[in-house]
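Top to bottom, those sequences are chains A and B.
Take the first sequence: its position 262, counted from the start at 1, is 262 in the working numbering, and no numbers get skipped.
In short: position in the second sequence from 1, add 1000, done, that's the working numbering.
Protein chains: 2
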Amino acid sequence: MKRPPSPYPFWYRKIPEIYTNGNYSFTFGQTPSQVHIEEQIPSLETILKESNTSSAAAVLLVCDTHTEYITKKISRNRPTCVLESGETQKNWGSVERIITEAREVGLGRDGLFIGIGGGVITDLTSFAASVYMRGAGLCLVSTTLLGMTDAAVGGKTGFDLLGIKNLVGTFSPASHIYMSLEVLKTLPSREWKSGMAELIKTAVLDSAETLDLVKSKKMPFLDGALAREPGLHMKELIERAVLVKGRMVETDPRETGTERALLNLGHSFGHALESAAGLGTLSHGEAVAWGMIRACELGQALGITPPARAREITKIIAAYGYETAAPHSLLKDIRTFIKALEGDKKKKAGKLSFVVPDAERAVLVSADIIGLRLLEQIINGDLQQ
Amino acid sequence: MKRPPSPYPFWYRKIPEIYTNGNYSFTFGQTPSQVHIEEQIPSLETILKESNTSSAAAVLLVCDTHTEYITKKISRNRPTCVLESGETQKNWGSVERIITEAREVGLGRDGLFIGIGGGVITDLTSFAASVYMRGAGLCLVSTTLLGMTDAAVGGKTGFDLLGIKNLVGTFSPASHIYMSLEVLKTLPSREWKSGMAELIKTAVLDSAETLDLVKSKKMPFLDGALAREPGLHMKELIERAVLVKGRMVETDPRETGTERALLNLGHSFGHALESAAGLGTLSHGEAVAWGMIRACELGQALGITPPARAREITKIIAAYGYETAAPHSLLKDIRTFIKALEGDKKKKAGKLSFVVPDAERAVLVSADIIGLRLLEQIINGDLQQ
């Protein structure tokens, strides 16, 4: 088992002290990336000004049928590429459509792509911008809780191929990312549930204090108060998630070390479940929530996750109403699952690795010490308490 | 007209003093990239060792039907993706095939793509490697004169879309690039002609001395001695081309400044001619050679290129047997040409720019000061002497 020399970076536990007025600046690799957490959606003028885009340069707005109404509030006259919504649209065909429309409006390297939507739209737009003429300008307006807490920050772009999530992609951060709390008011409940799972994950990686903050949102989540007043209830939690992810990505922007990989807590099992159930069947968060419990079981079996810690994480996930039992009700065939697991991108020297919670945070464990038998027991639910 | 503050970087004119034993190390952005100029093709063992690739990691060789025989000399047992040859293959379908075969052989982020061929194969393999799981290992074996003097060095990757050359691409240098002079013995004469144009361009950007070296190769080029004994005749010229391009790219790896853009001498007119004639009809070098003469005419009209300099460049290009007259015999419709020219990637703030030779090297000129009428005169041959 491999543990990073110092699992806790310098900023750990200092996050609450460095809160700002909703504006957060990161540098991913050599690329500056700013996040703006505000009540309202930004105007096109604000986006153009902050991204230093010349008024002569071409702009293409990209959204899906769900976020078209938000896009119209940003601009009614600028060229807009409206895609169908859903994970099944996350393919080369959508990228080609974005690129074709950019070409038609004469967008050059100094032009700007603005992606307005959840993770599918921001990942697709970011990928298209990163390869269009070898890189054009990019801003994002993240409109889902999952996007704000995960997809929109950190520069991972991509689309699915051969049934594998984000098999094709780049590291290419947006210069500006806007998160508007008011748009969460119209978010469907399934999307809330998907996003909350990433918030729970962030809390596990951050601190007992953040985990307490997540716990305190359970009732307002279940009775709908979060959705009615997201500006009141969600600002601090989203700020923490952005800061935790942002600082971790700054430490290890291209996931060549172990720091960024910790963000994959619950994702090895989760992605495999998404693939095995058929991409788009389960929401990403539902799959990750289920995957985190499997990670706890794995960590316990390896003696890394203290039983009380595993119980606490499992209890929170169950309280939010996620499916926790193994085998998952949508998992038809364990061999499909194992194959998807083995195709995981996070391989080094041909070896899988897993993130499991430890007493305070989480660590990366090489699959060297994990037998296939143990994985099968976990997926089948033989280790459940 | 915009001129860079100091058009001559520190290494200019010092290149002959820093010749090494055929091994050249560059750093493009933050990525190290080494070029090895040798008589023979490298063995697979050499490639794996030099690129620090674990013996446990998966490897995919990529070539086309022309370079399959070279690939078999490198390895007979490793998985190989053989594409059809030609510029028309430079599309998403080919990238998808490379990615699909990589996935089938279980290639992970620590795996290695080895592209063996001319510019089409090295650009396609480099693009696939740069987006596969957001980036896997990459080595190139460049097998054409054009590839050695241009495509393989400097990290530009990509493929054609909507009839535009390299509309989709990334900046992603190979860690190791091998140039084997012996493979040039089997290079068809059209490929020799394509590569020599880039060598002439390099000489124009370098020095009178390199231009003299190019002139001295005219007879051995025309009587076939270059092709019979490339190891004897071509080593110094290829070394100079690699060094000139490598140092220029190091100065400006992502073409955000003006230095790398100078390498596009002849390319704005050349790319537009390639597009207007139909991609794959003309060789890249033939188009660039014709484009360089147009750049001289433009430079003269603007008072930047001294007439004696324009005459010398035109004379060398004509001596090598390139089509020099305007309009080009394959150009059917000037409007298609102008449209392709306006779609050029090298736009800033919606403006085209052109590279034109000056007394010693070349400079970048904004299209602000160039009227459409002047461009039409040049393309139609109205300014020819």
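C-beta atoms are modelled at their ideal positions from N, C-alpha and C, and glycine is treated no differently.
inquiry  = Considering just the uninterrupted stretch of the alpha helix (DSSP H) at residue 372 (chain A), what are its terminal residues?
reply    = Reading the first sequence from its first residue, position 372 is the one you call residue 372 (chain A). According to the DSSP assignment, residue 372 (chain A) belongs to the alpha helix (DSSP H) that extends over 372-380.
query = When Cβ atoms are compared, which residues of the segment 167-196 of chain A fall closer than 7 angstroms to chain B?
reply = 167, 168, 169, 170, 171
message = Which residue marks the beginning of the alpha helix (DSSP H) containing residue 1174 (chain B), and which one marks its end?
response = As a first step, residue 1174 (chain B) is located in the second sequence; it is residue number 174 there, counting from the start. Where residue 1174 (chain B) is concerned, there is no enclosing alpha helix (DSSP H), given that its DSSP letter is neither H nor E.
request  = Please check the pair residue 1159 (chain B) and residue 1168 (chain B), which I expect to be a contact at CB under 8 angstroms, by giving their CB distance rounded to whole angstroms.
outcome  = Within the second sequence, residue 1159 (chain B) is the residue found at index 159, counting from 1. Within the second sequence, residue 1168 (chain B) is the residue found at index 168, counting from 1. By a beta-carbon distance limit of 8 angstroms, residue 1159 (chain B) contacts residue 1168 (chain B). Their separation comes to about 6 angstroms.
key: Sheet register partners of residue 1300 (chain B) (DSSP bridge)   = Here residue 1300 (chain B) corresponds to residue number 300 of the second sequence, with the count starting at 1. DSSP, once it has assigned bridges, lists no residue as partnering residue 1300 (chain B).
query = Do we get a CB-CB distance below 7 angstroms when we pair residue 260 (chain A) with the residues of chain B?
reply = Within the first sequence, residue 260 (chain A) is the residue found at index 260, counting from 1. Cβ-Cβ to chain B under 7 angstroms: no for residue 260 (chain A).
Cross-strand partners of residue 1036 (chain B) (DSSP beta bridge) = The count along the second sequence starts at 1 and reaches residue 1036 (chain B) at position 36. B:1023, B:1178, per the DSSP bridge assignment.
task = Would you please verify whether the beta carbon of residue 1107 (chain B) is less than 7 angstroms from any beta carbon of chain A?
result = Indexing the second sequence from 1 puts residue 1107 (chain B) at position 107. The beta-carbon of residue 1107 (chain B) is placed no less than 7 angstroms from the nearest beta-carbon of chain A.
ask   = DSSP puts residue 51 (chain A) in a beta bridge; with which residues?
value = By one-based count along the first sequence, residue 51 (chain A) stands at place 51. BP columns for residue 51 (chain A) are empty, so no partner.
ask   = Is residue 1165 (chain B) helix, strand or coil when you go by DSSP?
value = In the second sequence, counting from the first residue as 1, residue 1165 (chain B) sits at position 165. Three-state DSSP puts residue 1165 (chain B) in a strand.
task = Please list the partners that residue 1131 (chain B) has in chain A, where partner means a Cβ-to-Cβ separation under 7 angstroms.
result = Along the second sequence, read from residue 1 onward, the residue named residue 1131 (chain B) stands at position 131. Residues of chain A passing the Cβ test: 168, 169, 170.
query = Do we get a CB-CB distance below 7 angstroms when we pair residue 335 (chain A) with the residues of chain B?
reply = Position 335 of the first sequence, counted from the start, is the residue given in the question as residue 335 (chain A). For residue 335 (chain A), the answer is no, since every Cβ of chain B falls outside 7 angstroms of its Cβ.
query = Given a limit of 8 angstroms on CB to CB distance, which residues of the segment 75-105 of chain A reach chain B?
reply = 92, 96, 99, 100, 103
request  = Mind checking the segment 209-224 of chain A against chain D and listing, in chain order, the residues whose C-beta falls within less than 8 angstroms of any C-beta there?
outcome  = Looking at the structure shown, chain D is missing, and the protein chains on hand are A and B.
inquiry  = Let me check understanding here. Comparing Cα to Cα, which of B:1376, B:1356, B:1365, B:1342 lies closest to residue 106 (chain A)?
reply    = Start at 1 with the first residue of the first sequence, and residue 106 (chain A) comes out as number 106. The residue with the shortest Cα to Cα distance from residue 106 (chain A) is B:1342.
Spatial neighbours of residue 1227 (chain B) in its chain, beta-carbon cut-off 8 angstroms, leaving aside the 5 residues before and after = Locating residue 1227 (chain B) in the second sequence gives position 227, where the first residue counts as 1. Closer than 8 angstroms at Cβ, skipping near neighbours: 1184, 1185, 1187, 1189, 1192.
ask   = Using 8 angstroms as the Cβ pair cut-off and three pairs as the minimum, do the segment 348-363 of chain A and the segment 202-219 of chain A touch?
value = yes
ask   = What span of residues does the beta strand (DSSP E) with residue 98 (chain A) cover, start to end?
value = Position 98 of the first sequence, counted from the first residue, corresponds to residue 98 (chain A). Run containing residue 98 (chain A): none in the beta strand (DSSP E); it sits in the alpha helix (DSSP H), 92-104.
query = Which residues in the same chain as residue 83 (chain A) place their Cβ atom closer than 6 angstroms to its Cβ, once the five residues preceding and following it in sequence are excluded?
reply = As a first step, residue 83 (chain A) is located in the first sequence; it is residue number 83 there, counting from the start. Closer than 6 angstroms at the Cβ level, and outside the excluded window around residue 83 (chain A), lie 64, 89, 94.
query = Bridge partners of residue 132 (chain A), per DSSP?
reply = Reading the first sequence from its first residue, position 132 is the one you call residue 132 (chain A). Bridge partners of residue 132 (chain A): B:1168.
ask   = What's the C-alpha gap between residue 1208 (chain B) and residue 143 (chain A)?
value = Position 208 of the second sequence holds residue 1208 (chain B). Position 143 of the first sequence holds residue 143 (chain A). One C-alpha to the other measures close to 59 angstroms.
query = Going along chain A, which residues have a C-beta under 7 angstroms from residue 1162 (chain B)?
reply = If you number the second sequence from 1, residue 1162 (chain B) lands on position 162. Near residue 1162 (chain B) (Cβ distances below 7 angstroms), the residues of chain A are 100, 103.
message = Using a 10 Å radius around the Cβ and a threshold of 16 neighbouring Cβ atoms, would you call residue 1104 (chain B) buried or exposed?
response = Counting from 1 along the second sequence, the entry for residue 1104 (chain B) is found at position 104. With fewer than 16 other Cβ atoms within 10 Å, it is exposed.
Own chain partners of residue 1391 (chain B) with C-beta closer than 7 angstroms, once the 5 adjacent residues on each side are dropped = Nothing about residue 1391 (chain B) can be read from this structure; chain B reaches only from 1001 to 1385.
Segments assigned alpha helix (DSSP H), at least 4 residues, entirely inside the segment 1301-1326 of chain B = 1307-1319
task = Examine chain B for any beta-carbon lying closer than 7 angstroms to the beta-carbon of residue 373 (chain A), and answer yes or no.
result = The residue labelled residue 373 (chain A) in the question sits at position 373 within the first sequence. No - not a single Cβ of chain B is within 7 angstroms of the one on residue 373 (chain A).
query = Any chance the segment 1047-1057 of chain B sits against the segment 1023-1032 of chain B, with 3 or more Cβ pairs inside 8 angstroms?
reply = no
request  = Only counting runs of 4 or more residues, tell me where the alpha helix (DSSP H) segments fall wholly within the segment 175-236 of chain A, in order along the chain.
outcome  = 189-206, 208-216, 218-222, 225-228, 230-233
ask   = Rounded to the nearest angstrom, how far is the Cβ of residue 1194 (chain B) from that of residue 1284 (chain B), given a contact under 8 angstroms?
value = Position 194 of the second sequence, counted from the first residue, corresponds to residue 1194 (chain B). Position 284 of the second sequence, counted from the first residue, corresponds to residue 1284 (chain B). Yes, residue 1194 (chain B) and residue 1284 (chain B) are in contact; Cβ-Cβ is about 6 angstroms, under 8 angstroms.
C-alpha gap between residue 10 (chain A) and residue 1128 (chain B), whole angstroms = Within the first sequence, numbered from 1, the residue matching residue 10 (chain A) stands at position 10. Within the second sequence, numbered from 1, the residue matching residue 1128 (chain B) stands at position 128. For residue 10 (chain A), the predicted structure reports a pLDDT of 47, less than 50, and the residue's modelled location is therefore unreliable. A value from the coordinates is still provided. Going by the C-alpha atoms only, they are around 36 angstroms apart.
Proximal residues, the segment 1145-1160 of chain B versus chain A, C-beta separation under 9 angstroms = For the segment 1145-1160 of chain B, the set of positions with a beta-carbon nearer than 9 angstroms to some beta-carbon of chain A reads 1156, 1157, 1158 in chain order.
message = For a cutoff of 7 angstroms on Cβ pairs, would you count residue 1134 (chain B) as touching chain A?
response = Position 134 of the second sequence holds residue 1134 (chain B). Yes - at least one Cβ of chain A is within 7 angstroms of the one on residue 1134 (chain B).
Contact the segment 289-300 of chain A vs the segment 268-279 of chain A: 3+ CB pairs below 8 angstroms = yes
query = How many Å lie between residue 1074 (chain B) and residue 1080 (chain B) at the Cα?
reply = Along the second sequence, one-based indexing puts residue 1074 (chain B) at 74. Along the second sequence, one-based indexing puts residue 1080 (chain B) at 80. Going by C-alpha positions, residue 1074 (chain B) is about 11 angstroms away from residue 1080 (chain B).
query = When you compare each of A:139, A:166, A:99, A:125 to residue 1131 (chain B) by their alpha carbons, which one comes out closest?
reply = Locating residue 1131 (chain B) in the second sequence gives position 131, where the first residue counts as 1. Nearest in C-alpha terms to residue 1131 (chain B), of all of A:139, A:166, A:99, A:125, is A:166.
ask   = beta strand (DSSP E) containing residue 1137 (chain B): first to last residue?
value = Along the second sequence, one-based indexing puts residue 1137 (chain B) at 137. Its beta strand (DSSP E) spans residues 1137-1142.
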